[in-house]
Amino acid sequence: MKVIDISWPVSSAMTSYKQDEAAWMEIVKSFVKDGMRESMLHIGTHSGTHVDAPCHFLRDGKTIDELDLSTVYGAAIVVDCTTFADSITEKALVDAKIKKGDIVLLKTTNSLNGPNDSFNIRFVSLHLSGAKYLADAGAKAVGFDYLSIEKPVDDHVAHRELFENGVTIIEGLRLNDVKPGRYTFACFPLNLVAVEAAPARAVLIEE
Ligand SMILES: [Zn+2]
């Protein structure tokens with residue numbers, strides 16, 4: 253069995269969405285002074301690899317502690333979308349052989365951005381037609397390789413489409429070294445109470 257880490261390395265240097273500071277570490281105890289190490293982590297709920305809960309955009313949607321964790325574990329397919337330069341439409345997905353209940357991970361050219369690069373506003377996004385196709389195909393979760401599936405100017409229509417159909421959204425995956433194909437996926441968000449998202453560690457498991 254091989255476990256492939258596809259999560260974004262967390263540090264004060266990591267790419268932040270829209271220039272906010274994504275994370276920083278405070279040294280509470282240092283080995284030189286205290287004979288041990290202890291740190292305090294300050295991190296945004298949408299920093300690096302994270303899971304969005306429906307209440308991010310739906311008024312009465314579930315919060316991250318209420319999320320059904322069976323949607324972020326199980327059979328997954330990594331779909332090669334690297335030939336699409338602007339947005340992932342239905343056309344990019346029709347031949348992907350997505351099965352009902354799959355976790356669908358979209359590998360785009362976003363994965364070429366380094367984890368500490370400055371924010372790329374021209375990132376590839378998920379088009380509403382792509383989101384609709386994934387919801388209709390019965391995907392239980394969609395994983396994306398940038399810090400958001402869509403630009404703020406898109407009015408978050410793809411987020412809403414997925415949440416309204418019970419599809420969980422995972423953002424900030426690192427898929428550059430991953431071959432398209434079938435895997436087992438696991439990605440569990442921190443159990444933050446009454447919050448709209450949480451950082452997570454995401455892996456693919458190859459049997
Ligand atoms: Zn998010």
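The numbering used here numbers the first residue of the sequence shown as 253 and each following residue consecutively.
Glycine included, C-beta positions come from ideal geometry on N, C-alpha and C.
Cβ-Cβ distances below 7 Å link Pro432 to Val330, Val331, Asp332, Lys359 in the same chain, with the five nearest sequence neighbours on each side left out; the list follows chain order. In this structure, the alpha-carbon of Gly326 lies about 7 Å from that of Ala438. In the DSSP assignment, His408 falls outside any beta strand (DSSP E) and carries neither an H nor an E.
Looking at the DSSP output, Tyr325 bridges to Ala438. If you compare the alpha carbons of Val376, Leu321, Asn428, Gly300 with that of Phe336, the shortest gap goes to Val376. Ala452 and Leu442 do touch by the CB rule: their CB atoms are close to 7 Å apart, below 8 Å. Exposed is the label assigned to Ala265, since fewer than 16 other Cβ atoms lie within 10 Å of its Cβ. Looking only at Leu399, Asp272, Ser400, the smallest Cα-Cα distance to His294 is reached by Asp272. Of the heavy atoms belonging to ligand 1, at least one sits nearer than 6 Å to the Cβ of Glu423.
Between ligand 1 and the CB of Ala454, the shortest heavy atom gap is not smaller than 6 Å. Fully enclosed alpha helix (DSSP H) runs of no fewer than 4 residues are not present anywhere in the region 291-378. By the neighbour-count definition (other C-beta atoms within 10 Å, threshold 16), Pro306 is a buried residue.
Sequence-distant Cβ neighbours of Met253 in its own chain, meaning closer than 8 Å and more than five residues away, are Ile457, Glu458, Glu459. If you draw a straight line from the Cα of Lys281 to the Cα of Ser291, it comes to about 7 Å.
Take the alpha-carbon of Pro404 and the one of Arg374: they are about 12 Å apart. Under the three-state reduction of DSSP output, Glu402 falls in the coil class, being neither helix nor strand. In this structure, the C-beta of Asp272 stays at least 6 Å away from each heavy atom of ligand 1.
Taking 7 Å as the cut-off, the Cβ atoms of Thr420 and Val356 do not count as close.
Secondary-structure assignment with DSSP links Ile258 through no beta bridge to anything.
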